[in-house]
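Down below is the structure, laid out as structure tokens.
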Amino acid sequence: AIAAVIAGVAIMVSESLDGSVSPIGDGLALLIAFMFSTATVITRRFSSVRMTPATCLGTILAAGFAASQASTFTASAGDMGFLFVFGVVNLGLGLAFFATGARLIPAAIAALLGTFEPILGPIWVWLIHSEVPSGRTIIGGAVVVTALLVHIGLEFKRQARPQRAG
């Protein structure tokens, strides 16, 4: 499943290899994936420690860094509402749930489930902003989603089998 996910993501980012798309976004995505996988392993390694406070601290530090990079702080009240909902509900609550759940399942499964997020990103942008993803993005995303669903299905099937005695 991990090999299929890597292949699917490679298809998705292959457009940046021909120079038509900036590789900076792909580089940042790779950095985010690396940091997210590191956080997942740390969460599993120290499963006795609640990671929700660390998640909150991480988002506060990220917000501080993002604020230091902004040239101005102009945002309408409506935009601030959207930013608040995105930050608290989508990002904060999602990460808190992930950090809580990742303590309870194997790190490899948690990491595989975490790969749904970058696949769903282009779908949300398409649904909300009508920005149509490229053909390679759709094909690569389909490979990733298929691999994940097959793996999860096989895992549930394996766990449902009765265990043999002795």
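Using the working numbering, read the sequence shown as starting at 1 and increasing by one per residue.
Glycine included, each C-beta is placed from N, C-alpha and C at the ideal position.
For residue j and residue i, the rounded distance between their alpha carbons
{"i": "residue 71", "j": "residue 65", "result": "12 Å"}
{"i": "residue 85", "j": "residue 59", "result": "14 Å"}
{"i": "residue 135", "j": "residue 30", "result": "21 Å"}
{"i": "residue 95", "j": "residue 146", "result": "24 Å"}
{"i": "residue 13", "j": "residue 26", "result": "7 Å"}
{"i": "residue 149", "j": "residue 74", "result": "42 Å"}
{"i": "residue 5", "j": "residue 158", "result": "21 Å"}
{"i": "residue 127", "j": "residue 120", "result": "10 Å"}
{"i": "residue 67", "j": "residue 11", "result": "33 Å"}
{"i": "residue 36", "j": "residue 93", "result": "16 Å"}
{"i": "residue 153", "j": "residue 117", "result": "19 Å"}
{"i": "residue 49", "j": "residue 104", "result": "12 Å"}
Residue i, buried or exposed, once every other Cβ within 10 Å from all chains shown has been counted against 16
{"i": "residue 125", "result": "exposed"}
{"i": "residue 88", "result": "exposed"}
{"i": "residue 38", "result": "exposed"}
Beta-carbon contacts of residue i that lie in its chain and below 7 Å, excluding the five residues immediately before and after
{"i": "residue 23", "result": "16"}
{"i": "residue 40", "result": "102, 107, 110, 111, 114"}
Cβ neighbours of residue i in the same chain (closer than 6 Å, five flanking residues each side left out)
{"i": "residue 8", "result": "140, 143, 144"}
{"i": "residue 122", "result": "133, 137"}
{"i": "residue 90", "result": "none"}
Anticipated Cβ contact below 8 Å, residue i with residue j, distance rounded
{"i": "residue 52", "j": "residue 3", "result": "The pair is not a contact, with the Cβ atoms about 32 Å apart (cut-off 8 Å)."}
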